[in-house]
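Top line first, the protein sequences correspond to chains Z and X.
Counting with our numbering, you get residues 39 to 710 for the letters of the first sequence.
Counting with our numbering, you get residues 39 to 710 for the letters of the second sequence.
Taking it in order: structure first as structure tokens, then the write-up.
2 protein chains.
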Amino acid sequence: MRSPVQDYLDRLVDQIRPVDEGTTYQAVPSAASMDRNLFGLALTTVEGHCYASGDAEHAFSLQSISKAFTYGMALEDLGPDKVHEKIDVEPSGDPFNEISLQAGTGRPDNPMINAGAITTTSLIKGRGGRDRIGRIVNTFSDAAGRDLKVSEPVFKAEDKTGHRNRALAWLLRSFGILESDPEPSLQDYFRQCSILVTAKDLSMMAATLANQGVNPATGERVFSPQVVRWVLSVMSTCGMYDDAGTWAIEVGLPAKSGVGGGLLVVVPGQMGVGVFSPPLDEHGMSVRGGVAIKQMATDFGLHYGDVPPLGRSTIRARYDLSEAPSSVPRSVEALQALEVHGPECRIIEIGGDIGFAEAETLARAAVGLPASVRTLVVDVRKVDDFGKAAARMLTHVVRNFLDDRRDLILVDDDTALTQSLLDYAADTEDGALPDPMPETTTWSTPAASTAGAAATAGGNAGGSAVDSFTSDAAVSDLAPADLDADGTVEAAVEPEFRLFLSRPLALEWIEQRMLARHAPDLVPTGDQEPTRSPLLEMLNEEDALTLSAFMETRNYRAGQVIRRAGQPFGGIYFITAGQVELTSQGSGGRRYRQAYLSPGMIFGEIALGQAGRQLTTVRAMGPVTTRVLTAQVISALEESDPQLAIKLWSALARDAYTSVEQMSRESGARFE
Amino acid sequence: MRSPVQDYLDRLVDQIRPVDEGTTYQAVPSAASMDRNLFGLALTTVEGHCYASGDAEHAFSLQSISKAFTYGMALEDLGPDKVHEKIDVEPSGDPFNEISLQAGTGRPDNPMINAGAITTTSLIKGRGGRDRIGRIVNTFSDAAGRDLKVSEPVFKAEDKTGHRNRALAWLLRSFGILESDPEPSLQDYFRQCSILVTAKDLSMMAATLANQGVNPATGERVFSPQVVRWVLSVMSTCGMYDDAGTWAIEVGLPAKSGVGGGLLVVVPGQMGVGVFSPPLDEHGMSVRGGVAIKQMATDFGLHYGDVPPLGRSTIRARYDLSEAPSSVPRSVEALQALEVHGPECRIIEIGGDIGFAEAETLARAAVGLPASVRTLVVDVRKVDDFGKAAARMLTHVVRNFLDDRRDLILVDDDTALTQSLLDYAADTEDGALPDPMPETTTWSTPAASTAGAAATAGGNAGGSAVDSFTSDAAVSDLAPADLDADGTVEAAVEPEFRLFLSRPLALEWIEQRMLARHAPDLVPTGDQEPTRSPLLEMLNEEDALTLSAFMETRNYRAGQVIRRAGQPFGGIYFITAGQVELTSQGSGGRRYRQAYLSPGMIFGEIALGQAGRQLTTVRAMGPVTTRVLTAQVISALEESDPQLAIKLWSALARDAYTSVEQMSRESGARFE
């Protein structure tokens, strides 16, 4: 299929090429003699994908566009304060080559007029074995993602005809703004202006600024985000000289033009655009370039003021535990208790780029929770970008939740967001947040705080919260909580801040805590005999024991594959100890983690479905013991004891429908 | 729980209140005598939620902040061109009260300096029974969301002491910029400056601009988006007078200060901020206001250049039909055919705000599809905002897909996005897109184009694509397609552009089309006997007929509830004709649509699961006929014919596990 972006650029080039106004730059013979019909347009996204049309690979000299990048270099080298001492940042309303320096100090108004740009270049020094112009060429090349070069003929022409700039340089020297012989700085200024680029190069250089300083194709950091912000701001207010106000209205994007015919435009967070067309308007800007950018800004709504209301898509789903319980098999009584108390735990899934508006949406949702909600799960796995505002806001949500003696649980599969939160909190005056993955087992039950140090000392001390929760020791530590007479939460239960890598593990932990709090008798403990599994609990005890007697015991070591996707139905596996992980493959060989199963749960039975074979690969996460009712035994049973077989099959059907129930309930809760 | 936003504002007010620099405005006695310690801060989100701290309800005069809003009114009244003739938009680098008009013309540099603002006011005329100042107060009140008033004492003081402004007005008159007696315009200018507001009002007025001109609390449109963009641009470049460059770097947000102590700041798409504190700096801006905004911009990363790379969260899921087939029950052969050909249909779910970067991400995904993909489903139900760039890009994706003779299917539950797409396309030079919901049934099969007019004429002509698809007539129109000898798609099949309101309906339609194309014998036709249902097809024919003989026939009329959520298991219902809809209730009484079921499918069986009762309400979407194997019959069968009961139960178990399989496959494909 043709790309709509490519189509668009091709059409734009065709549309605008006939515009034939303006005059080409005369100071440099190669520019003066350039075909005035040349017109190239390129666009590079912040993902590094480049689209180009027309004469986008035709080389021309960078000229004033260089000013933005040397300014960035000076800011990186000296820091903003030192640079600001020498060069102000105020728009002057003057043309680019105006000889206007601030009264008294001689400080140039801004780095985009020639006086400011020459001063900028003088601030950059050789370093690391490279002289000044070597460093400039090198940094520009990093931004463009290929090796750029100074054109000697262009440089010579600039040097020969640059009388006005030479006058400016000496004027700057007279005020002491240039601190030594102006000639070397001036020469390097001419050289930076003579660097040859193409529209594609410009688009990549612009995309580097749009991507907060990282070249999106090479991944190399060229400027820090702070410097990028500074440079973009100065481009916005001063980049278009005396046309800044009109540009701000019609385009509303930071841009820089050069008399070589180039125009560089940054769409922060989205893309960089480069245009090349030699004829210039009275401001020294490419005429076709200006027309093209105005058209693009209009067609695509790129103006920085054209921001739709944000924050509405932050919350991807919200539901409570009773709507989407964990898939841990439990007794009917335990399920009932969790159904009743499920609304005390609210799950909020957030996603996308979280800036201020998005973080405020989450905070408002948290604030709006009724007091009866004791646990908030924030599932952040779909978050793409997590900014400063988000770290600040979520840190406060955590603190305020804990202050209210409520639990705050994060589900974060790569822990990156949680880590940034912890880092942020540690840097603030309020101090660090509690460790969300403590190594002791005090977390495992609200009773820990009342049962006291003995339980803590006796707990296993291995691994993270996630790991320790999966161990039997942790589960067996669970003990009844002290409950108030009216069944409300006892004051002694310490609020918890927890991180889990997956939602099933988080929900399992929360359910255990909820049962320990409200129905301590129903907390499952340690190993599970198959007869205690929900499947066999549908049968009477005698039948369950009979079936159990037909089972084989099979042991597996950590990491061992128990069932592999594609195998035919081999029987029903009851986990009596340990945990297993189910994974499956999607298109392109992607591996999906489907579930974690714990003692009391079964696997292998889904191979009874349509496919007639194992869909998932089952792997032991630690030492695992199973009891297996093999396919052969089931067949034999149908002959020898049909009534028991009916009970087994109807239990299996009911068990499967229970899964269907839970899955459709969860997907209904999450996705409508 | 305390709100983190509120916490933040409270803390900021405490932190900044001790800053005690600057002098209060002296021209107005009430301002001059104001307590210099007053400090209020308010923030209103684009959802209309307001946070306030400190003296946020203390009234003060609007002063120069009024300039931005009268400028908006003039733009709405006269259009930008007429206003631009009188007032330029270029930053002057001058203080607010400078007597500087453009040489020759006397045109003020911009509407934010006093000369420009007085001119702006002169452009606004009385209308609809309201005089000029009445209209100004009314529009400002709409933006603030409450009735504002002019303070007579402030007005009188301004009028009495405004010698310099009076001089400016006469100068403007001398150049003909003011076209009549300047006094009435000047008086109304003084009056608009004397309107009393609070920091909360300012935040709502700013939020109206942040929300593209719609007051987020009242929902009233105050300015058009174009005017808002224009106003924000001029505020950005000229709103801070001679401090514009520094403000652009440190804050990077459109803002306007007033000597009454107010400061209004717009964060486009996110919020409006209002600050009030009387002491002013040398630029006439509230000192504490400036400090507060700089702190907020830094803390929350609000600078317009601080945009993280966008587009990465646009694609919420992508998978092919074989990974997430429709839940229509089919024969093993049909399922195999769909499994083989499923990769020819790719589903892409997009979500969030779709601007340029996001639309480009989608377009690139579409372009990157292999040629073997014949059908692209774009599920847009999670899209929040769909901008111009998105309409343009998606229109081209549709056109290019159809040009390639491939199908493009939209899933859009409220059709709003599709409608905006159709509207956009109709306005472009390329002309309208095909109707995605045609009323004839030619759409129903690729054979239609070869079978010719007869099939078309014979089709039912009722309703939309969605409706007609659900009718039996439409389904029975399906006929084998002409296939090339090598099984590739025949050239005669016309590519389709379709809209469906739900994914199940879209997938069902695609599967029918796929079967008609690749395996026409397997296309289901009309009514389905229970013996042909996938459940009973697991049994041999004799057993299936035996069970079928035990069933009761039950008929329902359109809209009738067949099973209600909460009822106990009543039997297994086989749909032989018509369609049913399954809905369930979530928390807060929300109703989720769970599925649509067609002939050959069963319902009622999920009541066998954990809950032991009907979880969904089943409603007939048109006339429906079912055959029911009641709970009583099943019980009786277990006694009388245990081997058949085993077969039934094992078929039920297998059927349920098939659902589990499909659901976990789909959720795996969609959500990892």
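Beta carbons: idealized from backbone N, C-alpha and C, even for Gly.
Of all Cβ atoms in chain X, is any one closer than 8 Å to the Cβ of residue 648(Z)?
-> yes
For residue 701(Z), which option in 363(Z), 570(Z), 105(Z) has the closest C-alpha, if you only look at C-alpha atoms?
-> 363(Z)
Name the residues in the segment 551-576 of chain Z whose C-beta lies less than 9 Å from a C-beta of chain X; which are they?
-> 572
Identify every residue that forms a DSSP beta bridge with residue 619(X).
-> 634(X), 657(X)
List the residues that DSSP assigns as beta-bridge partners of residue 420(Z).
-> 389(Z)
Top-ranked residue by Cα proximity to residue 301(Z), from 307(Z), 277(Z), 288(Z), 287(Z) | 277(Z)
Alpha-carbon to alpha-carbon, residue 101(X) and residue 74(X) | 17 Å
Which residue comes first and which comes last in the beta strand (DSSP E) that contains residue 163(Z)?
-> That residue, residue 163(Z), is in no beta strand (DSSP E); it is neither H nor E in DSSP.
Closer than 8 Å to chain Z by CB, residue 644(X) | yes
On the DSSP bridge assignment, give the partners of residue 252(X) in chain order.
-> 259(X)
What residues from chain Z crowd round residue 276(X), counting only those whose CB sits closer than 8 Å?
-> 283
Just confirm the distance between the C-beta atoms of residue 215(X) and residue 108(X), as a whole number of angstroms; I'd bet it's less than 8 Å.
-> In fact, because the Cβ distance is near 16 Å, the residues do not count as touching under 8 Å.
Neighbourhood of residue 644(X) by C-beta, 7 Å cutoff - its chain only, sequence neighbours within 5 removed | 653
Rank 446(X), 615(X), 99(X), 604(X) by C-alpha distance to the C-alpha of residue 621(X) and give the top, closest one.
-> 604(X)
Whose Cβ in chain X lies nearer than 9 Å to the Cβ of residue 407(Z)?
-> 39
Residues, ordered as in the chain, of the segment 421-433 of chain X that lie near chain Z by beta-carbon distance below 7 Å = 422, 423, 425, 426, 427, 430, 431
Any C-beta of chain X under 8 Å from that of residue 262(Z) | no
Hey, residue 546(X) and residue 369(X): beta-carbon distance below 8 Å or not?
-> no
Give the residues from the segment 437-459 of chain X that approach chain Z closer than 7 Å (Cβ to any Cβ), ordered along the chain.
-> 438, 439, 442
Expected contact under 8 Å - CB spacing of residue 418(X) and residue 376(X) to nearest Å | Contact flag wrong, Cβ pair sits at about 24 Å.
Of all the CB atoms in chain X, is at least one closer than 8 Å to the CB of residue 580(Z)?
-> no
Residues within the segment 303-320 of chain Z neighbouring chain X, beta-carbon criterion of under 9 Å = 304, 305, 306, 307, 308, 309
Starting from residue 353(Z), follow its DSSP beta bridges and name the residues at the other end.
-> 388(Z)
Give the single residue among 224(Z), 590(Z), 99(Z), 139(Z) whose Cα lies nearest to the Cα of residue 239(Z).
-> 99(Z)
Cβ-based contacts, 8 Å cut-off: residues of the segment 137-151 of chain Z near chain X | 147, 148
Across which residues does DSSP place residue 78(X) in a beta bridge pair?
-> 92(X), 314(X)
Starting from residue 373(Z), find everything on chain X with Cβ-Cβ shorter than 9 Å and list it in chain order.
-> 648
Please say whether residue 39(X) and residue 404(Z) have beta carbons closer to each other than 8 Å?
-> yes
Beta-carbon of residue 699(Z) versus every beta-carbon of chain X: anything under 8 Å?
-> yes
Under 8 Å, do residue 688(X) and residue 687(Z) count as touching if we go by C-beta distance?
-> yes
What's the call for residue 412(X), buried or exposed, on a 16-neighbour Cβ count within 10 Å?
-> buried
Partners in chain X for residue 96(Z), counting only beta-carbon separations shorter than 9 Å = Simply none; closest approach about 25 Å.
Which residues, taken in chain order from the segment 63-86 of chain X, show a beta carbon closer than 8 Å to some beta carbon of chain Z?
-> 83, 84, 85
Quick one: list the residues of chain X neighbouring residue 253(Z), beta-carbon separation under 7 Å, in chain order.
-> None at all; the shortest Cβ gap to chain X is about 12 Å.
Cβ of residue 94(X) within 8 Å of Cβ of residue 79(X)?
-> yes
Give the residues of chain Z in contact with residue 398(X), contact being defined as C-beta atoms less than 7 Å apart.
-> 43, 83
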